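Chemist: Add 3 to the 1-based position in the sequence shown for this note's numbering, that's all there is to it.
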Amino acid sequence: MPTPSDRCQGMEQMLKAVCIKHRKITSICTGFIAWDSSTEQQRGAVWREQIRCRLVIPCIVCTVVLILFVFDTATNTSNYFEIFNYQFYVFKDNNSTSKQSSNKIGKNIPALSKESLNTSTKTFMKQVNYSSTTTGLQTSTMNPTLGNLSHCLCPIFMNGLGNQMFQFASNFGIAMSKGMRIIVSKHSEVNLVFKLHDIDIWDNINICSKFTVRREKQACAYDKNLINFPNSNNSRIFPCLQSWKYFYDSRVELRKQFTFRDRIRQEAENNINQIIKRLDIGSARNITLVGVHIRRGDMVNNGLGFNVATSEYLTRAMHYFNSKYQNVKFIISSLDVPWTKANMPNNTNLIYTSYPKREIVVATLALCNHTITTVGSFGWWIGWLTGGDVTYFKWPAKEGTFLRTQYNKDYSDFFYPGWIGM
4 MPTPSDRCQG
14 MEQMLKAVCI
24 KHRKITSICT
34 GFIAWDSSTE
44 QQRGAVWREQ
54 IRCRLVIPCI
64 VCTVVLILFV
74 FDTATNTSNY
84 FEIFNYQFYV
94 FKDNNSTSKQ
104 SSNKIGKNIP
114 ALSKESLNTS
124 TKTFMKQVNY
134 SSTTTGLQTS
144 TMNPTLGNLS
154 HCLCPIFMNG
164 LGNQMFQFAS
174 NFGIAMSKGM
184 RIIVSKHSEV
194 NLVFKLHDID
204 IWDNINICSK
214 FTVRREKQAC
224 AYDKNLINFP
234 NSNNSRIFPC
244 LQSWKYFYDS
254 RVELRKQFTF
264 RDRIRQEAEN
274 NINQIIKRLD
284 IGSARNITLV
294 GVHIRRGDMV
304 NNGLGFNVAT
314 SEYLTRAMHY
324 FNSKYQNVKF
334 IISSLDVPWT
344 KANMPNNTNL
354 IYTSYPKREI
364 VVATLALCNH
374 TITTVGSFGW
384 WIGWLTGGDV
394 TYFKWPAKEG
404 TFLRTQYNKD
414 YSDFFYPGWI
424 GM
């Protein structure tokens, strides 16, 4: 007849077998149970371990198997917080009685409660064990072969930094909501600019070419059918994904992903310090900095239907900030400096900048208190990273053009809730 110790070892082996079987769901299957055989040497420990093995561990085994079975289903109906593949996911509680909400054009979006955020963040920090690399942080050491890959999204990066940030952010939000992982090339601009963490960062992502491709219907509108697929399918979702609705529920974690690398952050801080020194005001606390990004260049006289912001819009936006805040200074970035200087209001509080690297432009303007955006994804992300008040030009596309068909009717899928259209 097997001894209690033999039963304990048997239960432990069963747990390990369950973990191995479900590695297709969780690449690092540890932390379920930490069995310490040394406790049997302690006084009275043998009896306690016998009771634990006979009663507790079989229950734990059943619980673990049940949880893994639920995770393996094609749809996830959980409404609270879950740790899945060592990532932090927030699921909206449809039955919540909380009165907290954030303003959105046409609808109300439940906000994360402070208690829920604190609880889930603590769990997240407890579970994740990062391994450092020269290009970021990764959690998977699994051999990149198609046979042992599942539950993965591989973003398709294209065009400028603003577009690539949308492509990453939307894939990230979709992955978080569906219990999937993100695979990113270590050579991608997003990885070189930001300190990505809890992301699979690989030197070679050729395997992604074998993933199922899913294409959006509109470039700048939310497509709910786009994300209606089993999370076990390795997928590539593209091309533009320019809607905040894909990542709104994961916005807290996304801000952590979009942390600039040290060299970029330091250069941006130096730029702001130089501006403060030039103004001879002592400290940034004594003024209100408003970043202004004016996009023209490739959007002027194009055939797709882009509208460029007018001088009237810029005047209204600057008046808004001057009337609401004190000691306002406008830090302006534009590739079309002659037009900008000719069309900005005659104001002594204008500071023109010229930074050759686009990531430095984003990082510098993001250190301001508020933002005036014009058109394009680049300025969109400056506003999102900055926070504070953000104004935008309400008509980014000409009516009757191809570009106009890429937005929803009132542009609400594109412009972030709470921003101010003018």
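Built from N, CA and C at the ideal position, the CB exists for glycine as well.
None of the values given here were measured: they were computed from a predicted structure.
What does the Cβ neighbour count give for E315, buried or exposed, with the cut at 16 atoms within 10 Å?
Modeler: Within the sequence shown, residue 315 is the residue found at index 312, counting from 1. Label assigned to E315: exposed.
Chemist: Nearest-angstrom Cα distance between N330 and M179?
Modeler: Working through the sequence shown from its first residue, we reach residue 330 at position 327. Working through the sequence shown from its first residue, we reach residue 179 at position 176. Computed Cα separation, rounded: 41 Å.
Chemist: Report the option in N372, I159, E270, F396 whose CA atom is closest to the CA atom of I210.
Modeler: Against the sequence shown, residue 210 aligns to sequence position 207. Cα-wise, what sits closest to I210 is I159.
Chemist: Specify whether the region 212 to 228 and the region 398 to 409 touch according to this definition: at least 3 beta carbon pairs, one from each stretch, less than 8 Å apart.
Modeler: In short, these stretches touch, since the Cβ pair count reaches three.
Chemist: Rounding to the nearest angstrom, what Cα-Cα distance links V216 and W205 in this structure?
Modeler: For the purposes of this step, residue 216 is identified with residue 213 of the sequence shown, where counting begins at 1. For the purposes of this step, residue 205 is identified with residue 202 of the sequence shown, where counting begins at 1. Taking the straight line joining both Cα atoms gives about 20 Å.
Chemist: Closest to W398 by CA distance: which of G386, F381, N310, T374 is it?
Modeler: For the purposes of this step, residue 398 is taken as the residue at position 395 of the sequence shown. Of the listed residues, the one whose Cα sits closest to W398 is N310.
Chemist: Would you identify the three-state DSSP class for R298, choosing helix, strand or coil?
Modeler: For the purposes of this step, residue 298 is taken as residue 295 along the sequence shown, with counting starting at 1. Residue state, collapsed to three classes: coil.
Chemist: Using alpha carbons as the reference points, say which of I230, L388, K198 lies closest to G294.
Modeler: Position 291 of the sequence shown holds residue 294. Ranking the options by Cα distance to G294, first place goes to L388.
Chemist: Just confirm the distance between the C-beta atoms of A312 and V378, as a whole number of angstroms; I'd bet it's less than 8 Å.
Modeler: For this step, residue 312 is matched to residue 309 along the sequence shown. For this step, residue 378 is matched to residue 375 along the sequence shown. With 8 Å as the limit, A312 and V378 qualify as a contact, their Cβ atoms being about 6 Å apart.
Chemist: Can you tell me the Cα-Cα spacing of S469 and N236, whole angstroms?
Modeler: Residue coverage of the chain in this structure runs from 4 to 425, which leaves residue 469 outside it and unanswerable.
Chemist: Alpha carbons only, please: which of E402, W342, I240 is nearest the one belonging to A3?
Modeler: Because the chain is modelled from 4 through 425, residue 3 falls outside the range shown and cannot be assessed.
Chemist: Do I279 and A271 count as a contact pair if the criterion is CB distance below 9 Å?
Modeler: Taking the sequence shown and counting its residues from 1, one reaches residue 271 at position 268. Taking the sequence shown and counting its residues from 1, one reaches residue 279 at position 276. Contact flag unset, no.
Chemist: Identify whether A400 lies in helix, strand or coil by the three-state DSSP scheme.
Modeler: Taking the sequence shown and counting its residues from 1, the one referred to as residue 400 is at position 397. If DSSP states are grouped into helix, strand and coil, A400 belongs with the strands.
Chemist: Contact defined as beta carbons within less than 8 Å: I believe F175 pairs with Q260. What is the distance between those atoms, to the nearest angstrom?
Modeler: Within the sequence shown, numbered from 1, the residue matching residue 175 stands at position 172. Within the sequence shown, numbered from 1, the residue matching residue 260 stands at position 257. At roughly 6 Å, the Cβ-Cβ gap stays under 8 Å, so F175 and Q260 are in contact.
Chemist: Buried or exposed for S357, going by 16 or more other Cβ atoms inside 10 Å?
Modeler: By 1-based counting over the sequence shown, the position of residue 357 is 354. Per the 10 Å Cβ criterion, exposed.
Chemist: Could you please give the first and the last residue of the uninterrupted alpha helix (DSSP H) stretch that includes T389?
Modeler: By 1-based counting over the sequence shown, the position of residue 389 is 386. That run of the alpha helix (DSSP H) goes 380 to 389.
Chemist: First and last residue of the alpha helix (DSSP H) that includes H322?
Modeler: As a working mapping, residue 322 is identified with position 319 in the sequence shown. Unbroken alpha helix (DSSP H) run through H322: 314 to 327.
Chemist: DSSP three-state call for D226: helix, strand or coil?
Modeler: Here residue 226 refers to the residue found at position 223 when the sequence shown is read from its first residue. Coil.
Chemist: Taking a contact to mean a Cβ-Cβ separation below 9 Å, would you say S380 touches G182 in this structure?
Modeler: If you number the sequence shown from 1, residue 380 lands on position 377. If you number the sequence shown from 1, residue 182 lands on position 179. Going by C-beta atoms, S380 is not nearer than 9 Å to G182.
Chemist: With 16 other CB atoms within 10 Å as the buried threshold, where does S212 fall?
Modeler: Position 209 of the sequence shown holds residue 212. Classification of S212: exposed, given that the 10 Å Cβ count is below 16.
Chemist: Short of 7 Å in beta carbon distance, which residues of its chain neighbour V303, apart from the five on each side in sequence? Order them along the chain.
Modeler: Taking the first residue of the sequence shown as position 1, residue 303 is located at position 300. If we look at V303 and ignore the five residues flanking it on each side, its Cβ neighbours are V311.
Chemist: What do you reckon, are the CB atoms on H322 and T374 nearer than 9 Å?
Modeler: For the purposes of this step, residue 322 is taken as the residue at position 319 of the sequence shown. For the purposes of this step, residue 374 is taken as the residue at position 371 of the sequence shown. No, Cβ-Cβ distance for H322 and T374 is not below 9 Å.
Chemist: For H154 and N234, what's the separation of their Cα atoms in angstroms?
Modeler: As a working mapping, residue 154 is identified with position 151 in the sequence shown. As a working mapping, residue 234 is identified with position 231 in the sequence shown. C-alpha separation (whole angstroms): 5 Å.
Chemist: With C-beta atoms as the reference, is K332 less than 9 Å away from T376?
Modeler: Taking the sequence shown and counting its residues from 1, one reaches residue 332 at position 329. Taking the sequence shown and counting its residues from 1, one reaches residue 376 at position 373. No.
Chemist: Are the CB atoms of I496 and L370 nearer to each other than 9 Å?
Modeler: What is shown of the chain runs 4 to 425, which leaves residue 496 out entirely.
Chemist: What's the call for E362, buried or exposed, on a 16-neighbour Cβ count within 10 Å?
Modeler: Mapped onto the sequence shown, residue 362 falls at position 359. Counting Cβ neighbours within 10 Å, E362 comes out buried, since at least 16 surround it.
Chemist: For N305, which of helix, strand or coil comes out of DSSP?
Modeler: Position 302 of the sequence shown, counted from the first residue, corresponds to residue 305. In this structure, N305 counts as coil in the three-state DSSP scheme.
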